[in-house]
Amino acid sequence: MPKPHEQDLNDHPEQQRGWTEPVLTKYATGMANGPDKKQRQRHALNRALPDPVELAAGIRGGSRSALARGITLVESSRADHQEIAQVLLAALLPETGKAARLGLSGTPGVGKSTFIEAFGRLLTGKGLRIAVLAVDPSSVRTGGSILGDKTRMELLARDPNAFIRPSPSGGTLGGVARRTREAMLLVEAAGYDVILVETVGVGQSETSVADMVDMFLLLLAPGGGDELQGIKRGIMELADLIVVNKADGDLVPAARRAQTEYQAALHLMRPKRAGWTPHVVLASALKGEGLDAVWEAAEAHRKVLTESGDLARLRADQARAWFWTELREGLFSRLKTDPRVAALVPELERDVEEGRTTPTAAARRLLGLVLGPAEEA
1 MPKPHEQDLN DHPEQQRGWT EPVLTKYATG MANGPDKKQR QRHALNRALP
51 DPVELAAGIR GGSRSALARG ITLVESSRAD HQEIAQVLLA ALLPETGKAA
101 RLGLSGTPGV GKSTFIEAFG RLLTGKGLRI AVLAVDPSSV RTGGSILGDK
151 TRMELLARDP NAFIRPSPSG GTLGGVARRT REAMLLVEAA GYDVILVETV
201 GVGQSETSVA DMVDMFLLLL APGGGDELQG IKRGIMELAD LIVVNKADGD
251 LVPAARRAQT EYQAALHLMR PKRAGWTPHV VLASALKGEG LDAVWEAAEA
301 HRKVLTESGD LARLRADQAR AWFWTELREG LFSRLKTDPR VAALVPELER
351 DVEEGRTTPT AAARRLLGLV LGPAEEA
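Be aware that the sequence shown starts at 1, since it is given in our numbering, and climbs by one per residue.
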């Protein structure tokens, strides 16, 4: 009996499996001649459903195009893409977990992209392969994103030992995209040594990145007035290292004052883990100063976590949290696509708007319709 995605492909011969050149030639040749032929071939490539076994082999072999295609698959909302993506992830899972995962967030204008480019070039200069997963905010009106990180990191984007992948947040809270975790697994399977996850920016909710990385770096700028009021306590408590960027020129005195104030604030907070005390370092991404100290702190932090066994426990806790996140979002997605829900929602919305029922009672009625009545405790 054919698998579900194979049956779907049999029903739609224009979406044949495979994305190699022979397949493109087979299905694209004859569609058009002259200047339109290349465009038609590219369209055929975009429509083709890849074989997850071939795609996994390409990712293991270091193919950047295969890696980009794999990330596109895991980020897609199409059911057939998601089915293939899960097969791909299952095939690559044994090759994951070896990279150092670093998350980075910061205040607006702090120079995150400039810092990541300078820091990334420092690491590639040490012989390391770097993957940057940058999350851009999506418009609440159009849903679109600029995705300009490769332009902002022009030098790093040309480095053969670096891979930059911008992704839209898609309205997901927490400063990261919903599929950032899956993208991390794919770049690990591709053999990258360090993963840098750049969030959309700092705020009250941009803390989800701390639940998917080994070390969370908070990037701050000097000279912003009342330093401690410019950042939320909650995100400072999650930081494993604070980096005061732009510590150059006339800003050096202000950067040193900020370092002292943030260090004093950290002493008032309980450390996240025994054996590691968060601290503050000065850096200038523009001049390339202080970046070695950031990497030394990252290496020391990883050593502490590995030797204590906290790294394995941290990864296990993150996997469990990821499971519950997927369960919640999956249930909500199924709820929205249920035809019974679609028929009842307009009525319940009117009742809530006009005060005939409470939002809680309306939600309970909707859940009871789909899941059945809740049992009394």
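Glycine residues also receive a C-beta, built at the ideal position from the N, C-alpha and C atoms.
Does the pairing of the stretch 278–288 with the stretch 237–251 give three or more beta-carbon distances under 8 Å?
yes
Tell me Phe119's beta-bridge partners as DSSP assigns them.
Bridge partners of Phe119: none, in fact.
Check whether the stretch 294–305 and the stretch 257–268 touch, using three or more Cβ-Cβ pairs below 8 Å as the test.
no
How would you write the range of the beta strand (DSSP E) that Met215 sits in, first residue to last?
215–220
Could you check how far apart the C-beta atoms of Leu92 and Ala189 are, in whole angstroms? I think they sit under 8 Å.
4 Å
Please state whether DSSP places Leu379 in a helix, a strand or coil.
No statement about residue 379 is possible, as the shown extent of the chain runs from 1 to 377 and does not include it.
Between the Cα of Met215 and those of Glu95, Leu156, Ala118, Ser105, spot the shortest distance and give me the residue it belongs to.
Ser105
Would you mind working out which of Gly330, Trp322, Val370 sits nearest Pro339, comparing C-alpha positions?
The shortest Cα separation from Pro339 among Gly330, Trp322, Val370 belongs to Val370.
Thinking just about the alpha-carbon of each residue, which of Ala183, Thr124, Val135 is nearest to the one in Ala157?
Thr124
Is it right to say Phe332 is buried, meaning 16 or more other beta carbons lie within 10 angstroms of its own, or is it exposed?
Burial state of Phe332 is exposed, judged by a 10 Å Cβ sphere holding fewer than 16 other Cβ atoms.
Quick one: using the 10 Å Cβ neighbour count with 16 as the cut-off for buried, is Phe115 buried or exposed?
buried
Where does Ala247 fall in DSSP's three states?
coil
Residue range of the alpha helix (DSSP H) that Val187 falls in?
180–189
Is DSSP giving Pro373 helix, strand or coil here?
coil
Considering just the uninterrupted stretch of the alpha helix (DSSP H) at Ser308, what are its terminal residues?
291–308
In angstroms, rounded to a whole number, what distance separates the CA positions of Glu198 and Leu67?
One C-alpha to the other measures close to 19 Å.
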